[in-house]
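Report on the following structure.
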Amino acid sequence: MALHITHMGRTRGRPFAGQAEYEQTLQDLSEASVLRNFDPYVDIDWDSPELAVVPDDPRWILDSRFDPIGRTAWYQSQPRAKQIEMGMWRQANVAKVGLQFESVLIRGIMQYTALQPNNSPEFRYATHEAKEECQHTLMFQEFVNRIGMDVPGGPLWFRRLSPIIPLAATTFPMIFYMGVLGGEEPIDHVQKQFLRSGIEQHPTMTAVMQLHVAEEARHISFAHQLLEHRIPTRGAFPRFLLSLALPLVMRSLLTAIAVPPREFRKRFDIPREVWKQMYWRSPESQVMKREVFGDVRLLAEKTKLMNPVSRLLWRALGIDGRVSRFRSEPAYAAG
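Everything in the sequence shown is counted per the working numbering, starting at 158 for the first residue and increasing by one.
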């Protein structure tokens, strides 16, 4: 079905440079959501024998190339049964964190869309995105249920603040959408690494990652487009404040999403020094911390949020580094 922007199509606020192209991009994203979308209970055969979660499956062992836990000598020295249990707990918790983050995102999106005018292309695409994120929460929870680990998800502070964070979507929409990227970019980066590497992992993980990456590409594109077009409309002082907020939001959400909660360390009796090496003292973990935000640094350059003060903040937070040449540039291409 061909869909077109009507003569009433408009974006909230004053006109801005590139508005027509921005609105057309949102229309294209909306059409893509109509033509290509997923249902986790249709597109994943959860009851297939190939996807069965069984004891003593080595495919749950954490990979030493991509996982900060899996690459430590301490983890590799543990009995195989413990490595498998830790891997299952770890992957279930990553999914639970993703579910909690996307629940915050859904609520914030609905707050944001409530302020949009009639025929707003932002209203339409954001609502498509919220619908897709609801499917993702179903998928992540089913994944957790199948593994059978009673994981908590994100850190306590994130869980406690989750009812409040969505309110920022109406009061501070630029910071809210920075938060969208702060949560989605690390997950997307790691999942793409796994899928591109072709490593052997449990097929349920592969199925979940494939569906998630396919739709997250649109969601990340929307957040980038919104910030790229909206930030330049702000005055000099608000832009300066946003330049400081961006790295702070990225670093905070990276910790919330990438670092397992305290319960993980206690359950598996991980030594404090090993934990510190995992997050973020080891050279490999420091590289990972920088790599995941190459696209966000590109956005910061485009929107002139990279200034002498904000560059120092990026460096102090340990998330500075090279700027992606293009969005979703693979790490091997960037080397």
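Don't be surprised by glycine CBs; every beta carbon is placed ideally from N, CA and C.
With distances taken Cα to Cα, identify the nearest neighbour of residue i among the options.
i: N250; options: H293, L186, G311, P323; result: G311
i: R438; options: I226, L405, F333, N275; result: I226
i: R408; options: G475, E372, F258; result: G475
i: M445; options: D196, V365, G478, F297; result: G478
i: K461; options: W432, I388, F425; result: I388
i: M267; options: A283, E259, W314, R484; result: A283
i: A177; options: E207, S277, R264, G265; result: S277
i: F258; options: V210, T412, A174, A238; result: T412
i: Y179; options: E430, H381, G451; result: H381
i: L352; options: R317, R429, F223; result: F223
i: T361; options: L398, F300, A325; result: F300
i: L410; options: I304, L313, Q235, C291; result: L313
i: N194; options: L368, E458, V406; result: L368
i: A174; options: H376, R216, T390; result: T390
i: A457; options: L469, L403, G392; result: L403
i: P343; options: S319, P309, V406; result: V406
i: Y232; options: P428, E279, N464; result: P428
i: E341; options: R482, P417, V254, T270; result: V254
Between which two residues does the alpha helix (DSSP H) harbouring residue i extend?
i: Y282; result: 278 to 304
i: P440; result: 440 to 448
i: E259; result: 237 to 270
i: P465; result: 465 to 473
i: T182; result: 176 to 192
i: Y198; result: 197 to 200
i: E458; result: 451 to 459
i: E420; result: 419 to 425
i: W217; result: Note, W217: premise wrong, no alpha helix (DSSP H); not H, not E.
i: A230; result: 230 to 233
i: E430; result: 429 to 433
i: R317; result: 313 to 318
i: A326; result: 325 to 328
In whole angstroms, give me the CA-to-CA distance for residue i and residue j.
i: L183; j: H293; result: 21 Å
i: T229; j: Q358; result: 19 Å
i: I414; j: Q350; result: 16 Å
i: E385; j: G355; result: 33 Å
i: D202; j: V347; result: 24 Å
i: D214; j: W432; result: 25 Å
i: S400; j: L383; result: 16 Å
i: I241; j: L219; result: 8 Å
i: V199; j: V453; result: 34 Å
i: A473; j: P440; result: 16 Å
i: R264; j: A287; result: 8 Å
i: F450; j: D307; result: 30 Å
i: E420; j: F315; result: 15 Å
i: M335; j: A209; result: 37 Å
i: E207; j: W471; result: 44 Å
i: D204; j: L262; result: 29 Å
i: L324; j: S234; result: 46 Å
i: I304; j: Q298; result: 10 Å
i: Q434; j: G339; result: 23 Å
i: Q181; j: T363; result: 33 Å
i: S221; j: S319; result: 32 Å
i: A371; j: P395; result: 34 Å
i: A374; j: R484; result: 10 Å
Do the segment 187 to 204 and the segment 330 to 341 meet, that is, are 3 or more Cβ pairs less than 8 Å apart?
no
Does the segment 415 to 428 come into contact with the segment 231 to 247, if we say contact requires no fewer than three beta-carbon pairs (one atom in each stretch) closer than 8 Å?
yes
Starting from the N-terminal side, write out each stretch of the alpha helix (DSSP H) that is 4 residues or longer and does not extend beyond the segment 342 to 393.
Whole alpha helix (DSSP H) segments, 4+ residues: 360 to 387.
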